[in-house]
Amino acid sequence: MMLKAVLLDISGVLTEDGEALPGAVDAVARLQSNGLALRFLTNTSRKTSTAICDELQRLGFAPAPEQVFTAPGAIRRHLERSGLRPYLLIHERLEPEFADLPRENPNAVVLGDAEQRLDYAHLDEAFQLLLEGAPLLAVGTNRYFRQAGALHLDAGPFVRALEYAAGIEAKVLGKPSSDFFHAVLEEIGVAPNEALMVGDDVECDVVAAMELGLQACLIRSGKYRSGDEARAPQARCEASLADLVDALLETR
Numbered sequence: 000m001m002l003k004a005v006l007l008d009i010s011g012v013l014t015e016d017g018e019a020l021p022g023a024v025d026a027v028a029r030l031q032s033n034g035l036a037l038r039f040l041t042n043t044s045r046k047t048s049t050a051i052c053d054e055l056q057r058l059g060f061a062p063a064p065e066q067v068f069t070a071p072g073a074i075r076r077h078l079e080r081s082g083l084r085p086y087l088l089i090h091e092r093l094e095p096e097f098a099d100l101p102r103e104n105p106n107a108v109v110l111g112d113a114e115q116r117l118d119y120a121h122l123d124e125a126f127q128l129l130l131e132g133a134p135l136l137a138v139g140t141n142r143y144f145r146q147a148g149a150l151h152l153d154a155g156p157f158v159r160a161l162e163y164a165a166g167i168e169a170k171v172l173g174k175p176s177s178d179f180f181h182a183v184l185e186e187i188g189v190a191p192n193e194a195l196m197v198g199d200d201v202e203c204d205v206v207a208a209m210e211l212g213l214q215a216c217l218i219r220s221g222k223y224r225s226g227d228e229a230r231a232p233q234a235r236c237e238a239s240l241a242d243l244v245d246a247l248l249e250t251r
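All the letters of the sequence shown, read from the start, carry residue numbers 0 to 251 under this note's numbering.
In structure tokens form, the structure reads like this:
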């Protein structure tokens with residue numbers, strides 16, 4: 000099946016610590032010039048969708064706002080469709096994403112990478128709401144992310160803690176949720192096997208995409224750790240996005 004779309008994880012594939020990775024800007028431009036539909040996907044929950052798009056544009060990637068799909072954006076759409084009032088356990092920089100939603104008497108818990116807010120008091124308040132029947136809406140189940148050359152806890156461990164404590168299962172709205180991937184594919188108008196997911200997270204990017212019938216490539220940068228490729232032996236594996244694009248365009 001001919002490749003028609005490329006879905007690009009952002010952190011660890013395109014950028015790291017606020018800067019473009021070597022060769023990434025040119026690689027994205029080459030994909031665009033070859034007629035492939037591009038979408039930029041992220042579970043990042045320390046920035047709004049607008050801030051992420053602005054940063055990518057500043058770095059030279061030039062996405063249109065509608066090409067950027069974020070997990071917080073997916074959660075917002077779900078809250079609006081469902082008429083839910085969120086208790087927001089999120090990073091302060093993400094608050095503008097939900098600023099105009101009703102929040103009195105919350106009946107849903109939204110959990111992201113809240114950094115210092117992931118303390119006992121906030122987690123316990125979320126736990127009380129979950130015991131009352133509020134759903135737990137999570138940006139993702141990523142275990143960790145890479146920043147300043149080190150791995151740091153992401154939202155996933157805290158999702159699992161609240162699930163365990165309250166005896167419930169979170170609804171994940173970002174990667175690796177099938178709903179997230181299907182929404183992107185539907186917006187582009189392509190079948191799963193016509194799209195390639197490119198990421199540095201073997202679980203949430205690569206394995207999740209392949210389980211839905213997408214092609215996938217693991218990039219050995221960002222949060223990649225030696226041996227990750229063994230967990231997805233059917234996936235492509237390249238050192239960088241630039242190397243992947245070189246290989247893809249040789250076959251077109």
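Each residue gets a CB set at the ideal place from its N, CA and C atoms; glycine is no exception.
_As assigned by DSSP and simplified to three states, the class of M1_ = coil
*Shortest alpha-carbon distance to E124 belongs to which of Y143, G139, M1, P85?*
P85
*asked:* Counting C-beta neighbours from all protein chains within 10 Å, is the total for D153 16 or more, i.e. buried, or is it exposed?
replied: buried
*Which value, in whole angstroms, describes the spacing of the CA atoms of A61 and Q233?*
31 Å
*Any chance the stretch 134 to 147 sits against the stretch 103 to 114, with 3 or more Cβ pairs inside 8 Å?*
yes
*asked:* What would DSSP say about A137, mapped onto helix, strand or coil?
replied: strand
_Pick from T49, P21, R224 that is closest to Y314, judged by C-alpha positions_ = This structure cannot settle anything about residue 314, because the visible part of the chain is limited to 0 through 251.
*Of the listed residues P101, A63, D118, G59, nearest to L78 (C-alpha basis)*: P101
_Under 9 Å between C-beta atoms of L58 and E18_ = yes
*Cβ of S177 within 9 Å of Cβ of A207?*
yes
*Should N33 go down as buried or exposed, given a rule of 16 or more other Cβ atoms within 10 Å for buried?*
exposed
*Would you report the Cα separation of D16 and A147, rounded to the nearest angstrom?*
6 Å
*asked:* Output needed for V5: all residues of its chain with C-beta closer than 6 Å, excluding positions within five of it in sequence on either side, in chain order.
replied: L30, L35, L37, L195
*When the Cα of K222 is compared with those of L130, V12, M209, I89, which residue comes out closest?*
V12
*8 Å contact criterion, which A70 and L172 should meet: CB distance rounded*: 6 Å
*For D118, count neighbouring C-beta atoms within 10 Å of its own C-beta (all shown protein chains included) and say buried if the count is 16 or more, exposed if not.*
exposed
_Delimiting residues of the beta strand (DSSP E) encompassing T49_ = That residue, T49, is in no beta strand (DSSP E); its alpha helix (DSSP H) goes 48 to 58.
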